[in-house]
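K.L.:
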Amino acid sequence: MVRPLQEAALAAPGDVSQRLRLSYRHAVVDPGRIEPIPSLAELPVAVRADLAEAFDEVGIPKGARIARQGDYAYELFAILQGIARIEQDGAVEAKLGEGELLGEIGLLLTGRRTATIVAETPMRLLTLFEQSFRQLSRKHPEFSAVVHGSSQGRFTSTTTA
58 MVRPLQEAAL AAPGDVSQRL RLSYRHAVVD PGRIEPIPSL AELPVAVRAD
108 LAEAFDEVGI PKGARIARQG DYAYELFAIL QGIARIEQDG AVEAKLGEGE
158 LLGEIGLLLT GRRTATIVAE TPMRLLTLFE QSFRQLSRKH PEFSAVVHGS
208 SQGRFTSTTT A
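Here my numbering is used: the first residue of the sequence shown is 58, the next is one more, and so on.
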């Protein structure tokens with residue numbers, strides 16, 4: 058569920074990473090919102106229920122910077138709608154769309170963003186803040202395995218580019 062405060066705080070293009078943290082007002086996400094994320098939809102029902110309680114849903118305008126390369130990594134993102142452009146050192150490396158996870162490399166491996174993420178189109182994201190991510194990873198190793206699996210190919214390409 059997205060609250061009006063979040064929508065207003067995130068309405069203008071630009072860098073929304075700071076505004077994501079400032080506008081955060083948690084409410085339980087409907088577990089059905091997790092189903093469009095294939096890697097998460099395969100998790101057991103109990104795990105998805107815990108994820109739904111921890112995730113928050115936000116709308117991001119086209120052109121907004123969701124994360125900046127080199128910044129501390131505070132959240133994991135799952136794309137419900139839209140396309141994200143992934144840039145490293147100013148060069149476009151990839152475009153990711155619905156059903157994909159973003160931001161996991163920084164949370165799992167480096168502590169910092171390895172790339173800049175920009176909303177190529179208007180987006181709907183599920184966000185999971187670091188503390189919740191760590192708690193869920195300890196409680197549900199299968200969730201941790203899914204997120205690690207998502208990061209493996211991308212981390213290799215970010216460190217060899």
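Note that the Cβ used here is the ideal one computed from N, Cα and C, for glycine as well.
All of these numbers come straight from a predicted model, not from anything done at the bench.
Give the C-beta separation of Phe200 and Leu133 to the nearest angstrom, bearing in mind that I take them to be a contact with Cβ-Cβ under 8 Å.
P.N.:
So it is not a contact: roughly 10 Å between Cβ atoms.
K.L.:
Is there contact here, the segment 102-111 with the segment 138-155, by at least three beta-carbon pairs under 8 Å?
P.N.:
Not touching, per the Cβ criterion.
K.L.:
In the segment 94-165, which residue ranges form an unbroken beta strand (DSSP E) of at least 3 residues, counting only runs that do not cross its ends?
P.N.:
Listed in chain order, the complete beta strand (DSSP E) runs (minimum 3 residues) inside the segment 94-165 are 113-117, 122-124, 132-138, 141-145, 148-153.
K.L.:
Can you tell me which of Gly160, Thr173, Pro93, Ser96 puts its alpha carbon nearest to the alpha carbon of Tyr131?
P.N.:
Ranking Gly160, Thr173, Pro93, Ser96 by Cα distance to Tyr131 puts Gly160 first.
K.L.:
Grab me the residues of Gly156's own chain with a C-beta within less than 7 Å of its C-beta, minus the 5 sequence neighbours each way, in chain order.
P.N.:
Around Gly156: Pro93, Ile94, Pro95, Ile136.
K.L.:
Where Gln145 and Ala98 are concerned, what is the direct C-alpha to C-alpha distance, given to the nearest angstrom?
P.N.:
One C-alpha to the other measures close to 29 Å.
K.L.:
Are the CB atoms of Arg169 and Asp128 nearer to each other than 9 Å?
P.N.:
Contact flag set, yes.
K.L.:
Less than 9 Å between the C-beta atoms of Arg90 and Leu183, yes or no?
P.N.:
It is a contact, given that the beta carbons lie within the stated cut-off.
K.L.:
Kindly indicate the opening and closing residues of the beta strand (DSSP E) around Arg181.
P.N.:
180-186 is the extent of the beta strand (DSSP E) around Arg181.
K.L.:
Rounded to whole angstroms, what's the CA-CA distance from Ser80 to Ala111? Just pull it up for me.
P.N.:
The predicted position of Ser80 is uncertain, since its pLDDT is 49 and thus under 50; a value taken from the coordinates is nonetheless stated next. Between Ser80 and Ala111, the C-alpha separation is close to 16 Å.
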